[in-house]
Amino acid sequence: MAGVPMDQRDGWIWFDGEMKPWKDAKIHVLTHGLHYASSVFEGQRAYGGEIFKLRQHTERLIYSARQLDFQIPYSADEIDAANRAVLEANKLTDCYLRPVAWRGSETISVPARENTVHLAIAAWVWPSYFTMEERLKGIRLMWAKWKRPSPETIPSTAKAAGLYMICTLSKHAAMDAGYADALMLDYRGLVAEATGANVFFIKGDEIHTPLPDCFLNGITRQTVIELARAKGFKVIERHIKPEELSNYDECFLTGTAAEVTPVSEIGDFRFTPGIGCKTLIDAYTDAVTPKRQAAE
Ligand SMILES: Cc1ncc(COP(=O)(O)O)c(C=O)c1O
Numbered sequence: 009m010a011g012v013p014m015d016q017r018d019g020w021i022w023f024d025g026e027m028k029p030w031k032d033a034k035i036h037v038l039t040h041g042l043h044y045a046s047s048v049f050e051g052q053r054a055y056g057g058e059i060f061k062l063r064q065h066t067e068r069l070i071y072s073a074r075q076l077d078f079q080i081p082y083s084a085d086e087i088d089a090a091n092r093a094v095l096e097a098n099k100l101t102d103c104y105l106r107p108v109a110w111r112g113s114e115t116i117s118v119p120a121r122e123n124t125v126h127l128a129i130a131a132w133v134w135p136s137y138f139t140m141e142e143r144l145k146g147i148r149l150m151w152a153k154w155k156r157p158s159p160e161t162i163p164s165t166a167k168a169a170g171l172y173m174i175c176t177l178s179k180h181a182a183m184d185a186g187y188a189d190a191l192m193l194d195y196r197g198l199v200a201e202a203t204g205a206n207v208f209f210i211k212g213d214e215i216h217t218p219l220p221d222c223f224l225n226g227i228t229r230q231t232v233i234e235l236a237r238a239k240g241f242k243v244i245e246r247h248i249k250p251e252e253l254s255n256y257d258e259c260f261l262t263g264t265a266a267e268v269t270p271v272s273e274i275g276d277f278r279f280t281p282g283i284g285c286k287t288l289i290d291a292y293t294d295a296v297t298p299k300r301q302a303a304e
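Numbering (my numbering), first residue to last: 9 to 304.
Right under this line is the structure:
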């Protein structure tokens with residue numbers, strides 16, 4: 009069951025340059041971002057008081073806004089500082105942070121060049137999507153009926169609200185059928201990603217992962233590729249057909265929220281989380297732990 013509703017919590021939300029009491033961080037019902045999905049966001053985690061890959065997330069937020077033809081009225085340095093201020097104001101060290109930028113309410117029709125652009129940043133304690141026990145057993149995925157769209161259909165490399173409509177639909181269908189999540193194919197029928205995480209497959213010392221040419225090239229994905237190479241795995245980014253999944257022994261998801269989460273099942277395909285997944289869970293845990301804390 010849901011806990012305290014997201015608009016009823018205590019704490020502070022950075023909102024257009026001011027720290028506002030959580031319950032007062034409101035927008036008008038005629039906001040362009042709400043009607044036309046002119047909204048982009050980030051998901052970041054802080055570990056031991058440090059926001060992992062903060063600058064990369066901030067740069068992706070600015071990039072996503074540009075993809076939607078708007079400019080966030082703060083510099084990357086200002087956005088980074090605002091994120092750190094949110095941690096401090098809420099006295100949080102291990103949490104999730106959600107910056108969101110959107111077009112405001114000056115006009116409400118498709119064109120929106122006159123609308124102001126807003127930025128808010130909230131943070132809350134949000135443990136991994138899955139418990140460690142669930143993770144090590146591997147989660148069960150079903151195939152989504154929705155396909156990741158072509159980059160000619162939508163700005164698919166942006167982390168933009170509109171791209172999540174089919175993620176919510178796919179996740180609901182998976183949960184209704186007793187699965188943890190859904191794996192989406194792309195518009196060509198190739199393996200793409202889960203509803204909020206990227207996917208990897210392991211066979212021996214090789215790791216294969218879909219080329220992110222029509223979905224988010226996750227920051228965790230990029231981190232795990234580096235870590236896997238450093239651990240001696242050969243990482244191959246390529247187009248993967250769904251029927252090829254029977255070639256792999258292990259499978260896992262990566263994402264800021266999911267971190268590294270092994271998968272035991274995708275439709276009729278079975279995987280057994282093993283040493284490959286464990287090695288990468290440990291390597292990721294080590295990578296996100298601030299080094300000063302690890303040294304204590
Ligand atoms: C659709 C989708 N794909 C992939 C990812 C993984 O991205 P990251 O590792 O940058 O969190 C996310 C999470 O943000 C996501 O929502």
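Idealized CB from N, CA, C, for every residue including glycine. Remember, predicted model here, so these are calculated numbers, not experimental data.
- [ ] Measure the Cβ-Cβ separation of T203 and A190 and say whether it is below 8 Å.
- [x] Numbered from its first residue, the sequence shown carries residue 203 at position 195. Numbered from its first residue, the sequence shown carries residue 190 at position 182. Result yes, Cβ atoms of T203 and A190 sit closer than 8 Å.
Open item on the list: Suppose contacts are defined by Cβ-Cβ distances below 8 Å. Is E258 in contact with I289 by that definition?
Closed with: For the purposes of this step, residue 258 is taken as residue 250 along the sequence shown, with counting starting at 1. For the purposes of this step, residue 289 is taken as residue 281 along the sequence shown, with counting starting at 1. No; because the gap between Cβ atoms is not below 8 Å, this pair is not in contact.
TODO: Spatial neighbours of F277 within its chain, please: CB distance less than 7 Å, with the 5 preceding and 5 following residues excluded, ordered by chain position.
DONE: The sequence position of residue 277 within the sequence shown is 269, counting from 1. The answer, listed in chain order, is L253, S254.
Task: Presumed contact (8 Å Cβ cut-off) between A168 and Q75, rounded CB distance - done: Taking the sequence shown and counting its residues from 1, the one referred to as residue 168 is at position 160. Taking the sequence shown and counting its residues from 1, the one referred to as residue 75 is at position 67. Separation of the CB atoms of A168 and Q75 is rounded to 7 Å, and the pair is thereby assigned contact status at 8 Å.
- [ ] Answer with buried or exposed for G330, where buried requires no fewer than 16 other C-beta atoms within 10 angstroms of its C-beta.
- [x] Any question about residue 330 goes unanswered here, given that the chain covers just 9 to 304.
- [ ] Classify K61 as buried or exposed, calling it buried when 16 or more other Cβ atoms lie within 10 Å of its own Cβ.
- [x] Against the sequence shown, residue 61 aligns to sequence position 53. Under this definition K61 is a buried residue.
Task: Proximity below 8 Å, CB of Y172 to CB of W132 - done: For the purposes of this step, residue 172 is taken as the residue at position 164 of the sequence shown. For the purposes of this step, residue 132 is taken as the residue at position 124 of the sequence shown. Taking 8 Å as the Cβ cut-off, Y172 and W132 do not qualify as a contacting pair.
Task: Same chain only: Cβ atoms within 8 Å of L149, ignoring 5 sequence neighbours per side - done: Numbered from 1 along the sequence shown, position 141 holds the residue referred to as residue 149. If we look at L149 and ignore the five residues flanking it on each side, its Cβ neighbours are A182, Y187, A188, D189, A190, L191, A202, V271, E273, I274, G275.
Open item on the list: Check this for me: beta carbons of T297 and Y55, under 8 Å apart or not?
Closed with: Start at 1 with the first residue of the sequence shown, and residue 297 comes out as number 289. Start at 1 with the first residue of the sequence shown, and residue 55 comes out as number 47. Yes, these two residues count as a Cβ contact at 8 Å.
Task: Counted within 10 angstroms of its Cβ, other Cβ atoms place I227 as buried (16 or more) or exposed - done: Along the sequence shown, read from residue 1 onward, the residue named residue 227 stands at position 219. Buried is the call here.
Open item on the list: Can you look up C175 in the DSSP assignment and give me helix, strand or coil?
Closed with: For the purposes of this step, residue 175 is taken as the residue at position 167 of the sequence shown. In the structure shown, C175 sits in a helix (DSSP, three-state: H, G or I).
Task: A54 - partner residues in DSSP beta bridges - done: Here residue 54 refers to the residue found at position 46 of the sequence shown. A54 is bridged to I59, C103.
Task: L224 CB to nearest heavy atom of ligand 1 below 7 Å - done: Against the sequence shown, residue 224 aligns to sequence position 216. Answer for L224: yes, Cβ within range of ligand 1.
Open item on the list: By the three-class DSSP mapping on this structure, what secondary structure does M9 have?
Closed with: Taking the sequence shown and counting its residues from 1, the one referred to as residue 9 is at position 1. Reliability of the predicted coordinates at M9 is poor, the pLDDT of 43 falling under 50, and the value obtained from them is presented with this limitation in mind. In the structure shown, M9 sits in coil (DSSP, three-state: anything other than H, G, I, E or B).
- [ ] List the residues that DSSP assigns as beta-bridge partners of D189.
- [x] Here the question's residue 189 lines up with position 181 in the sequence shown. L149, per the DSSP bridge assignment.
Open item on the list: Just verifying my parser: in three-state terms, what is the DSSP assignment at H216?
Closed with: The residue labelled residue 216 in the question sits at position 208 within the sequence shown. Residue state, collapsed to three classes: strand.
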